[in-house]
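Residue numbers (this note's numbering), protein chains in the order written: chain A, 986 to 1199; chain B, 2 to 346. Comments concern the structure below.
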């Protein structure tokens, strides 16, 4: 039962409550750094580190943090992890760090992270909070990657820098530019909502016919 | 869900039907565009037909694929919205704004995007904020900036069976072949201060988009539309007057540097945009006063972009920007309802 609960917290973030597709959170990095798959994954990993780390700390100290100043406490915890992520990326992959630029320090302002602290980590035990953070971060990573992959394939004819269509590919310049991010995200959201609606219709249908049969 | 057969039919008051229907109005605009389309074929040969068909095909394909969903609320069958001809018209209008040597797959994509993102995603015919054809063109211009600004010289009547080798590029591939290119009259004016003779502009023997070359034939189509009452004359007149007077005023300062009024009116896509796109009843104001505001706004923006902007031509962005302002214009130019608001308010 207990194992089930933490598994449930993990899985929900990947598809059903996906932070981007279902909650539409974290739009700033979503639109800004997804012009290539590598950037998207680096941003996703950095966010995952920050989210899991701060969820762990916040959840552990949830009884100690005074309710009145909890937001500032969350921000300080998040900022600590962001600073660590910032310097780690700078040391390990300076090229990616340069491309992501100001968007790594801006993880502090990612409402996905603050939202999870406020809505989940500060109310639930550490184990569940970490599982929730992992699930949400995975969902965010999936969303970032799908956007980054589409934009890099169409905008550059490549994936992870490997040319897919040969030399004479005509790049879709718009996909590298901000409008491409908005267009792609809009289309993915459209697909997600369409799929969810179909699924709910189907489930309602099944439930309806079962009700009649019984 | 099946519709039940009604036992009693009740109708609301306006029982007198107007003879104009959407398909009729669309057909009128298509007829009005035929002379200009013929001129495009005359000047650019088989390539023009191919580009036009590709963009029409793209628009119609999108309409057929997704149109049923947009019309789903009304219980329409798949492909039903094809019958009103609006998809065809959007494809034709878009095709007329494209350069003659554009790879066909790009023209197809433009038509497809124009209909899906420009019209159906808003809820179908009559719901869209922006002109679908211009939206498709804006998408193409932002996506393929080089291909969209490569012009070929017009070859009146001599190259009817010629093909532009670049237009047959495989999907997602560059055309790769460098053909003969030419500058548009506006490009020449902006970057080399060289005016094209007015006769060439009026008859259309210049480089440029398919439909923007022959000014007189576009005016002829506009006249037909005006006679058929399919067009709010205030919008094109407002646009053209604003452009002409703006460039007349500029000419007072420095006649050599700025375009002459008639050149401004006849060059580029201004006539095509002013007569056929700015007057799209869905995306332009419905009130008479609003139509004037809209026309003057488009004219001002066109001249501002042409003279002070980085681009040689600005009709597309001018119309799209004013499209966005249309609901606001409509709201502030409501005519007074008879008997209300006299003295008070």
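The beta carbon of each residue, even a glycine, is placed where N, CA and C say it ideally should be. This one's a predicted model, so the numbers in the text were calculated from it and none came from an experiment.
Query raised in the report: Of all the CB atoms in chain B, is at least one closer than 7 Å to the CB of residue 1158/A?
Result: yes
Query raised in the report: Exposed or buried, which one is residue 992/A when buried takes at least 16 other CB atoms within 10 Å?
Result: exposed
**Report entry** Distance between residue 118/B and residue 1125/A (C-alpha atoms, nearest Å)
**Finding:** 26 Å
Query raised in the report: What are the residues that DSSP puts in a beta bridge with residue 1148/A?
Result: 1143/A
Report task. State whether the segment 258-278 of chain B contacts the segment 231-250 of chain B, with contact taken as three or more CB pairs (one from each stretch) at a distance under 8 Å. Result -> yes
Query raised in the report: residue 1159/A: which of 1167/A, 997/A and 1181/A sits nearest, CA to CA?
Result: 1167/A
Report task. Report the residue ranges of all alpha helix (DSSP H) runs contained in full by the segment 1094-1179 of chain A; include only those spanning at least 4 residues, in chain order. Result -> 1096-1101, 1111-1141 and 1158-1161
**Report entry** residue 1180/A burial status per 10 Å Cβ neighbour count (16 or more: buried)
**Finding:** exposed
Query raised in the report: So, is residue 347/B buried or exposed, given that buried needs 16 or more other C-beta atoms within 10 angstroms?
Result: Lying outside 2 to 346, the shown extent of chain B, residue 347/B is not represented and no answer is given.
Report task. Could you tell me how far apart the beta carbons of residue 305/B and residue 37/B are, in whole angstroms, since I believe they sit closer than 8 Å? Result -> That belief does not hold up - the Cβ atoms of residue 305/B and residue 37/B are roughly 26 Å apart, past 8 Å.
Query raised in the report: In the segment 142-153 of chain B, which residues sit with their C-beta less than 8 Å from some C-beta in chain A, listed in chain order?
Result: 143, 144, 145, 146 and 148
Requested in this report: Compare the Cα-Cα distances from residue 1000/A to each of 1138/A, 1120/A, 1163/A and 1064/A and report the closest residue.
Outcome: 1120/A
Requested in this report: Buried or exposed for residue 21/B, please, with buried defined as at least 16 other CB atoms from any protein chain shown within 10 angstroms of its CB.
Outcome: exposed
Report task. Decide if residue 6/B is buried, meaning its Cβ has at least 16 other Cβ atoms within 10 Å, or exposed. Result -> exposed
Report task. Could you tell me whether any Cβ in chain B is nearer than 7 Å to the Cβ of residue 1153/A? Result -> yes
Query raised in the report: Who does residue 174/B pair with in a DSSP beta bridge?
Result: 1154/A
Requested in this report: Using a cut-off of 8 Å between C-beta atoms, extract the partners of residue 1090/A located in chain B.
Outcome: Neighbours of residue 1090/A on chain B: none; closest Cβ ~30 Å, over 8 Å.
Report task. Give a yes or no on whether the minimum CB-CB distance between residue 323/B and chain A is below 7 Å. Result -> no
Report task. Give the residues of chain A in contact with residue 174/B, contact being defined as C-beta atoms less than 9 Å apart. Result -> 1150, 1151, 1153, 1154 and 1155
Query raised in the report: Between the C-alpha atoms of residue 1065/A and residue 1195/A, what's the straight-line distance to the nearest angstrom?
Result: 53 Å
Requested in this report: May I ask you to report which of helix, strand or coil DSSP gives residue 152/B?
Outcome: strand
Query raised in the report: Quick one: is residue 13/B buried, meaning 16 or more other Cβ sit within 10 Å of its Cβ, or exposed?
Result: exposed
Query raised in the report: Roughly how many angstroms lie between the CA atoms of residue 264/B and residue 325/B, to the nearest whole one?
Result: 28 Å
Query raised in the report: Going along the chain, which residues of its own chain have a beta-carbon closer than 7 Å to the beta-carbon of residue 84/B, five neighbours each way excluded?
Result: 24
Report task. Kindly indicate the opening and closing residues of the alpha helix (DSSP H) around residue 1023/A. Result -> 1022-1045
Query - For residue 1089/A, the three-state DSSP class (helix, strand or coil) - result: coil
Query raised in the report: Do you know offhand how far residue 1130/A's Cα is from residue 1141/A's?
Result: 15 Å
Query raised in the report: Going by the beta-carbon positions, is the gap between residue 1059/A and residue 1102/A smaller than 7 Å?
Result: yes
Query raised in the report: By the criterion of Cβ-Cβ separation under 8 Å, what are the contact partners of residue 109/B in chain A?
Result: Neighbours of residue 109/B on chain A: none; closest Cβ ~13 Å, over 8 Å.
Requested in this report: Check each candidate in 211/B, 11/B and 339/B and name the one with the smallest Cα separation from residue 41/B.
Outcome: 211/B
Query raised in the report: Taking the alpha-carbon positions, what's the residue 1071/A to residue 1039/A distance?
Result: 15 Å
Report task. Determine, using beta carbons only, whether residue 112/B and residue 48/B come nearer to each other than 7 Å. Result -> no
Query raised in the report: Which residue from 227/B, 152/B and 294/B puts its Cα closest to that of residue 331/B?
Result: 294/B
Query raised in the report: Mind checking whether residue 349/B and residue 27/B have CB atoms under 7 Å apart?
Result: The question about residue 349/B has no answer here: the residues shown for chain B are numbered 2 through 346.
**Report entry** Short-range partners of chain A found in the segment 126-140 of chain B, where Cβ spacing is below 9 Å
**Finding:** 140
Query raised in the report: Can you round the beta-carbon distance between residue 1117/A and residue 1029/A to whole angstroms, since I take them to be within the 8 Å contact cut?
Result: Residue 1117/A to residue 1029/A, Cβ: 17 Å. No contact.
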